[in-house]
Amino acid sequence: MRSPQSSGTEDEDLKRKVDRQAVARLLRLALPFRKLLMVAGVLALLGNGIQLAVPLLIQSGVATVQKTGDVTAIDRQAAALIGLVLLGSVLGYIQFLLAAYAGNRVTNDLRQRLFGHLQRLPVAYFDRTRSGELTSLLSNDVSQLQTALTDDLVRLVGNVVLLTGGMFVAVYIDWRLTIIVVGLLGLVIGFFVIFGRALRKLTREVLDRLAETMGAMTEAIANIRLVKAFSREAWEDERASQRLSEQLRLAQRSAKWEGMMGAVGGAGFTVMLIGVAWYGGRGVLTGAVKLSDILAFLAAIFVISGPMASLASLYTRLQRAVGAAERLFAILDEPSEPADRSDAQPFPDGAGEVRISGLEFQYVEGAPVLRGLDLTLEAGKVTALVGPSGSGKTTVASLLYRFYEPQQGQIEIDGVLLDRIERHSLREAIGIVPQDTVLFNGTIRENLRYGRLDATDGEIGIAAREANVEEFVRGLPDGYETMLGERGVNLSGGQRQRVAIARALLKNPRILILDEATSALDTQGERLVQEALERLMRGRTTLVIAHRLSTIREADKIAVMRDGKVAEEGSHENLLTQEGAYAALVRGA
């Protein structure tokens, strides 16, 4: 049995290993721009070299004046110093431009990579993750890395070199004074290392809370009509306030650590300066130290002061970046949807029959949704699924799309197992008209073309006419270029659903899924949508997820689901005569 001490040591070793891995992966993000960063680093070294020359020029100038009495030597040295400072400024400007360019590219590439990876994650991941949290990650967490990976990294290397070089210059001038400086510097660096770890942990907690807060706010804004309908503005304010207060508390703690590190760095430099002035002043007065040496040493200290002052903030920002990187890498390490099998084939070129056998599925272990479901969707026919809420109707559609994989059983299309059909080909062959129509914040034309990206304007017009979209587009000032607003808010419910039907028509799917597209419409809107749906369903294998029994009377087959399986199936008339589950549903409707 392990002792608590050994367990704690192992945990610390594991944490250090994880930290090192995060730092290594963080640095690899900048590898594509290493040439730019190397040039920026060389410029930083040149600029630092210029700064290191300043104390030596001061020492040389003062010594020359003391020795020869030639006051003009000071003029020459001053002119040389001004020239060096100007050259260093130019080099610093170019270095900044290169680092900023690389930083912007790294950020852009990382966001692109994250977004691409997110789109390829399984649907189950989004079931447990708020979209607002992911938005916060793409925005706030990536921004934490923007300067840290490039400009801060270059500056850190440059400052370490400058600090090291400054120490060598200081040793060259007076090794005894240097001992005082090194002692204080060691204490400050040790403080940074110890408390920097705490800051990194706090940074991750701050970003986690910020993501949760952004998730809740995004959710409230996305559902603003519901919030207003229930008059829950004050409740949402209070909920957001509680989350923001927790995030603020952590941010304030983080600021305290950051401020403490800056204060310790500043105090260390001040104490070091006082110590040098005290020792050097006494030495000059007693003749033990030359005036040129003490002035040069003070100049070296001022050269060192820049790196010392900025190392605290640089180290802090890099710790923040590592904390953000750990969150980002946690997303990138999430497994994507499984790759297609090596023997996967395109969608079969058959009639489009779907056969479901012994299908079992559960979202959460111990809570089965489907319990040995058997169902056949006949090619070119309409099959309606009815049943109480939670009976698994929508789950069947999700499994058909391969949004999830069943625990048991199988689905075949024209005799080919679903997992042996290329996922992209499968989804291209299935069309859906959901109950809650999803439209993007673009024009009507852009939303229609989403069904088939290479569709011509003529093909869009044909689909729009068949779906009765043309009927209302003619009355809009901008026609097909009308902006829909977020989630299609500028259209009525019936108009949105007709756009969704036209989009599905453009896709020209082999299999069609209708999630009761007329359940929330008025009579006129339902009539227009129903006409469009009839054109869309013609000759296609169609699965209708029914919420209102009145809409599926004409279906070729009705399957009644109960407890995760089909309780009975048949036509409307046949099921009524059986006096079973369907008849009971009709009587209760």
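When we follow our numbering, the leftmost residue of the sequence shown carries the number 253, and every step to the right adds one. Backbone N, C-alpha and C define an ideal beta-carbon position, used for all residues, glycine too.
- Message: Measuring only the C-alpha atoms, how far is G642 from T689?
- Response: Using only the alpha carbons, I get a separation of about 21 Å.
- Query: In the region 649 to 698, which residue ranges form an unbroken alpha helix (DSSP H) of at least 4 residues, counting only runs that do not cross its ends?
  - Reply: Counting whole runs of 4 or more residues, the region 649 to 698 contains the alpha helix (DSSP H) stretches 675 to 681.
- Query: What are the boundary residues of the alpha helix (DSSP H) that D361 is part of?
  - Reply: According to the DSSP assignment, D361 belongs to the alpha helix (DSSP H) that extends over T324 to Q371.
- Query: Alpha carbon to alpha carbon, what distance is there between V294 and V616?
  - Reply: The C-alpha of V616 lies about 56 Å from the C-alpha of V294.
- L625 - containing beta strand (DSSP E), residue span: For L625, the enclosing beta strand (DSSP E) has its first and last residue at A619 to L629.
- Message: In this structure, how does DSSP classify A828 when only helix, strand and coil are distinguished?
- Response: In the sequence under discussion, the amino acid at residue 828 is Leu, which differs from the Ala named in the question. DSSP places L828 in helix when its eight states are reduced to three.
- Cα-Cα separation, E786 to P761: Roughly 14 Å separates the two Cα atoms.
- Can you give me the Cβ contacts of I753 inside the same chain, cut-off strictly under 6 Å, excluding the 5 residues immediately before and after it? Shown here for I753: same chain residues with a beta carbon closer than 6 Å to its own, the five before and five after excluded, namely V685, A719, A784 and L788 in chain order.
- Item | Beta bridge counterpart(s) of T635 as assigned by DSSP | The partner list for T635 (beta bridge, DSSP) reads L795 and K809.
- Query: DSSP beta-bridge partners for S609?
  - Reply: Note: S609 sits in a beta bridge opposite Q662.
- Counted within 10 angstroms of its Cβ, other Cβ atoms place G313 as buried (16 or more) or exposed: Label assigned to G313: buried.
- Message: On a Cα-Cα basis, can you pick out the residue from I804, A798, G301 and Y732 that is closest to H824?
- Response: That would be I804, whose Cα lies nearest to the Cα of H824.
- Can you grab the Cα-Cα spacing for the pair E711 / L758, in whole Å? Each residue's alpha carbon lies about 7 Å from the other.
- Straight-line gap, E464 to T695 (C-alpha atoms, nearest Å): E464 and T695 have their C-alpha atoms roughly 32 Å apart.
- Message: Considering just the uninterrupted stretch of the beta strand (DSSP E) at G822, what are its terminal residues?
- Response: Run containing G822: K817 to G822, per the beta strand (DSSP E) assignment.
- Message: Please report the distance separating the alpha-carbon of A468 from that of A492.
- Response: Distance between the alpha carbons of A468 and A492 is about 7 Å.
- Task: Select from V421, P640 and P600 the residue whose C-alpha is nearest the C-alpha of L308.
- Result: The candidate whose alpha carbon is nearest that of L308 is V421.
- Proximity below 9 Å, CB of F444 to CB of Y345: Their beta carbons are not under 9 Å apart, which means F444 does not touch Y345 by this criterion.
- For L764, the first and last residue of its enclosing beta strand (DSSP E): That run of the beta strand (DSSP E) goes I763 to L766.
- Message: Using a Cβ distance threshold of 8 Å, determine whether the region 449 to 463 contacts the region 329 to 347, with at least three qualifying pairs required.
- Response: Between the region 449 to 463 and the region 329 to 347 there are fewer than three inter-stretch CB-CB distances shorter than 8 Å, so the stretches are not counted as touching.
- Any chance the region 362 to 374 sits against the region 588 to 599, with 3 or more Cβ pairs inside 8 Å? Contact between the region 362 to 374 and the region 588 to 599 is present, with at least three C-beta pairs closer than 8 Å.
- Query: How about E828 and T793: are their beta carbons less than 9 Å apart?
  - Reply: The sequence as given places Leu at residue 828; Glu does not occur at that position. No, they are not a contact pair.
- Any 3 or more C-beta pairs closer than 8 Å across the region 427 to 438 and the region 593 to 602: With a cut-off of 8 Å on Cβ pairs, the region 427 to 438 is not in contact with the region 593 to 602, counting fewer than three such pairs.
- Task: Out of I714, R800, Q614 and G602, point me to the one whose CA is closest to I665's CA.
- Result: Residue G602 is the option with its Cα nearest to I665.
- Sheet register partners of V616 (DSSP bridge): Beta-bridge pairing links V616 to A619.
- Buried or exposed for E831, please, with buried defined as at least 16 other CB atoms from any protein chain shown within 10 angstroms of its CB. By the neighbour-count rule (16 or more Cβ atoms within 10 Å), E831 is not buried but exposed.
- Would G384 pass as a contact of T470 if the rule is Cβ separation under 9 Å? The answer is yes: Cβ separation under 9 Å.
- Message: Any contact between the region 814 to 822 and the region 620 to 634? By contact I mean 3 or more CB pairs, one from each, below 8 Å.
- Response: Contact between the region 814 to 822 and the region 620 to 634 is present, because at least three Cβ pairs lie under 8 Å.
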